[in-house]
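Take the numbering used here: the final residue in the sequence shown is number 501, and no numbers are missing along the way. Cβ atoms here follow ideal geometry from the backbone N, Cα and C, with glycine treated the same way.
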Amino acid sequence: MAFVVHLAGAIGGSPRSLRAGNSVLSVTRRHRPLLVALMLPLALALLSLTTPARAQGNVTVKVYSLLFHPFLKISMIEAMNAGFNASMASRQWMTAPDVNVELIYPPSYSVPNEEVLRSVVEQNKGELIIILGPLSNPSVTRSRELLRKEGLVAFGPVAGSSAVRGWDPNIYFIQTSPAAELLALLRYAVSRLRLRRLGFMYLQGTSFGDGDYKQAVELMSHMGLQLCGVFTKNRSSPFTGVDNVFETVWEQFAATLPQGVLLFASPVPDTVAFIRRMVADNRTRKSFLLAPSVLEIVIANEWSEALAAVGAPLVPGQVLLTGTNPLATDTEYHAIKRFQKDARAYLRDNPGVTVFNATDDFDHDDIEGALMVYGWIAGEVLAQALSGRQWLRSREAFMESLYNQRRYVIDDLVIGDFGGNCKGDAGKHGAVCQCNQGGNAVYMKALVDNYRFLNDKSSVTYSLSSHCYSDDIRLDAPLSGLLFYLWDNRIAMRGTIPFFY
C-alpha cells in the first residue's frame, strides 16, 4: 500500500492532498500541526515495516551437540546428529530470515559431556548458544549447576531416570517422562498380557531404578496388586563376573516364578548378566521382559546372544520396550513421511554419515532409525523455537520464550505444553505452570522375527498435556467380565453395542 502526503505551501499555497490508497483528503495550513501529530507514528510504523531484516545483520546461532556418550556406539551418535542435520538442511539451515544455525560437534566422543560443556561456556562468554543434549542421567545431573549459572538451556537431553526430571528451566526435555514409560509398561503387563506374577529388577547405587521401583509398588498397590519378587543389588564397580551376592539374590527372585519382569536398570554389565541369566534359567526363560526405551541400545543384541548361548529360539513378542517417538518405518504418521523425505535428501548430499543411505527404507536397523527420528524431532522443535528473531537478543530472552506456553506441532506429532512460573490463578484457568518436558505419547514395540522391532499401534499411550509429570497418575485394576451380544433382539443389541465398539 502506498501512502502519499502533500502539505499546503508555506505562503498562500493552494491546499494539497493526503492520499491513502484511493482516498484523498484535503489539507490546509491550519490543519498542519494536527496532521503532523497524527502522521508521525504512522510514518515510523511504515519505516519499521519497510526496513529489511538483513539491515540488522545476520544472526548465526551456534548449536553445540552433546548427544554422545563414551559408551555409546559411534553409529548411534551419528544417527542422532544426522537426524538433526536432516531437519536443518531441509530449511537450508535457516530458522527465520537471516537467522542461521550452525551445528558444532565435540572434539572427541571420549570426553565426558560436562567437560565439553565447560569448554563451550568458556569459548562463548555471554553469547546466545544452544546446548543440544546432554546424554545420560549423570551428565544431566552434573551439568545443572553450570547451566543455571550461565543462563543456558540444555535442549532435548536424553535421560532414562525420573530422578533427573522435575521443574528446572535450564533443562528442556522433549521426550516423554520415564514415569510415563513405567505407567505404560505396567498397564500393558496387567491389562493386555494379564500377568498375575510380575517381578521387578533394578540396581542400587545408580541414578536409575530406585524411584521407578517405588512408583511401581505404589501403582500396583492402587490396583490391589503387588510385585511377586524383586531382584536388586548394588552395582558392581568394576564388574568382575557373577558373584555370590548375585547368585543369592537371583535364586530368591527366580523362586517366585515371575510371568513377566520389569527391567529398570542402566545398560551396565550387571544388567547384561541379569538378562543372560533370565534366558538361561528354566524358571524365567518364558517370562516376558518389559523395559523402557533407554535399554533399546543393548537389549536386542544381548537377548540374541543369550538365546544363542543356550540354543533357544526367539519367541516374537516376548521382549517389549517402550519408545518415546515412532520408528523410522512408521509411515502411517505424516511426520515420519516427512522425516524420510528430509533424511533421504540429506543422505544423498552426505553419503556415509550413517548406516542408512539416500534410497533407504530405514528398515534394517530399527534402533538407529529411531535415534535418527529423535534427532530429526529435536531439529524440528528447535527450528520453531528459533523462528522469532526477537527471542534471540539474549540468553534470558530465549529462555523466557521457551516457557511462554509453548506447544510444538510437527505434522501429527505434538510436543508440549511448556510453561514457566505462573501468576495468581493462571494455572486454574488453564495455563501450564512449571513444566519443562513435552512428550505426551509412549509407543509400545515388540521384538519380533529377525530381531526387528515392531510398534503395537493399538497400545500407544497418550497422557494429557495438563499432566506435565506422570508421578501423580494412577492405574485402575482391569475389569474382567463376560458380555453377551444378543444379535437376534434389536432392543437388547442396542444396549450391548457400546461395550463392543
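For my contact list, residue i and residue j are in at a C-beta cut-off of 8 Å; report their separation, rounded to the angstrom.
i: VAL268; j: ALA306; result: Not really, about 16 Å apart at Cβ, beyond 8 Å.
i: ARG389; j: ALA96; result: 6 Å
i: LEU382; j: VAL99; result: Incorrect: roughly 12 Å between the Cβ atoms, too far for contact.
i: ALA216; j: LEU263; result: Not confirmed; about 11 Å, so no contact.
i: SER465; j: GLY416; result: 6 Å
i: ARG142; j: ASP168; result: At roughly 14 Å, the Cβ-Cβ gap does not stay under 8 Å, so ARG142 and ASP168 are not in contact.
Do you know offhand how far residue i's Cα is from residue j's?
i: GLY375; j: ASN58; result: 26 Å
i: ASN325; j: ILE410; result: 12 Å
i: LEU103; j: LYS62; result: 6 Å
i: GLY229; j: GLY260; result: 10 Å
i: ILE171; j: GLN123; result: 21 Å
i: LEU314; j: VAL140; result: 36 Å
i: GLY199; j: THR256; result: 8 Å
i: HIS467; j: ALA358; result: 40 Å
i: PRO292; j: TYR213; result: 13 Å
i: THR206; j: ASP270; result: 12 Å
i: LEU482; j: TYR188; result: 21 Å
i: TRP250; j: ALA265; result: 15 Å
i: HIS429; j: ILE336; result: 35 Å
i: SER110; j: VAL120; result: 16 Å
i: LEU225; j: LYS125; result: 54 Å
i: ILE367; j: ARG91; result: 26 Å
i: GLY83; j: TRP391; result: 25 Å
i: LEU128; j: PHE155; result: 13 Å
i: VAL101; j: LEU290; result: 39 Å
i: THR176; j: GLY160; result: 10 Å
i: ASP456; j: ALA184; result: 12 Å
i: GLY495; j: LEU193; result: 28 Å
i: PRO107; j: MET223; result: 51 Å
i: ALA503; j: ALA86; result: Because residue 503 is not part of the residues shown, which for the chain are 1 to 501, the question remains open.
i: ALA431; j: LEU132; result: 27 Å
i: MET220; j: LYS445; result: 22 Å
i: VAL373; j: TYR333; result: 12 Å
i: ARG407; j: PHE173; result: 13 Å
i: VAL319; j: GLU296; result: 11 Å
i: ASN301; j: TYR451; result: 8 Å
i: LYS341; j: LEU402; result: 28 Å
i: VAL502; j: ALA179; result: With the chain covering 1 to 501 only, the question about residue 502 has no answer from this structure.
Can you find the residues in the same chain that come closer than 7 Å, C-beta to C-beta, to residue i, ignoring five residues on each side of it along the sequence?
i: PHE274; result: MET201, PHE231
i: ILE491; result: none
i: VAL242; result: ALA273
i: PRO258; result: ARG197, LEU198, GLY199, CYS228, GLY229, THR284, SER287
Would you identify the three-state DSSP class for residue i, choosing helix, strand or coil?
i: SER110; result: coil
i: VAL298; result: coil
i: GLU127; result: coil
i: THR232; result: strand
i: MET223; result: coil
i: ARG406; result: strand
i: GLU102; result: strand
i: SER65; result: strand
i: PHE356; result: coil
i: ILE174; result: coil
i: GLY260; result: strand
i: GLN204; result: strand
i: SER119; result: helix
i: ASN137; result: helix
i: TYR374; result: helix
i: ARG16; result: With a pLDDT of 39 at ARG16, under the threshold of 50, the modelled position of this residue cannot be trusted; read the value that follows with caution. If DSSP states are grouped into helix, strand and coil, ARG16 belongs with the strands.
For residue i, write down the residues that DSSP places opposite it in a beta bridge.
i: CYS435; result: GLY419
i: ARG452; result: VAL448
i: TYR213; result: Answer by DSSP bridge pairing: none, since TYR213 is not bridged.
i: ALA522; result: This structure leaves residue 522 out entirely; the chain is present only between 1 and 501.
i: THR60; result: ASN100
i: PHE155; result: LEU132, TYR172
i: LEU482; result: Per DSSP, none; premise fails for LEU482.
i: THR461; result: VAL442
i: GLY379; result: BP columns for GLY379 are empty, so no partner.
i: VAL414; result: VAL409
i: MET94; result: ASN100
i: GLY199; result: GLY229, VAL261
Near residue i, what residues of its chain come up, given a Cβ to Cβ distance below 6 Å and the 5 sequence neighbours on each side ignored?
i: GLU400; result: none
i: ASN113; result: LEU66, PRO134, SER139
i: PRO52; result: Low confidence applies to PRO52: its pLDDT is 34, below 50, so where it sits in the model is not reliable, and the reading given next is rough at best. So no residue of the chain qualifies.
i: ALA89; result: TYR346
i: VAL448; result: PRO316, LEU454
i: THR329; result: PHE362, ASP363
i: TYR105; result: SER65
Strictly under 8 Å for the Cβ-Cβ distance: is residue i near chain C by that measure?
i: ASP411; result: This model lacks chain C altogether; it includes just one protein chain.
The ligand FAD heavy atoms versus the CB of residue i: any closer than 7 Å?
i: ALA96; result: In terms of ligand content, the structure shown is empty, and the ligand FAD therefore cannot be addressed.
Excluding sequence positions up to five away, which residues of its chain have a Cβ less than 8 Å from the Cβ of residue i?
i: ALA309; result: ARG276, VAL279, ALA280
i: GLN204; result: ASP210, THR232, LYS233, ASN234, ARG235
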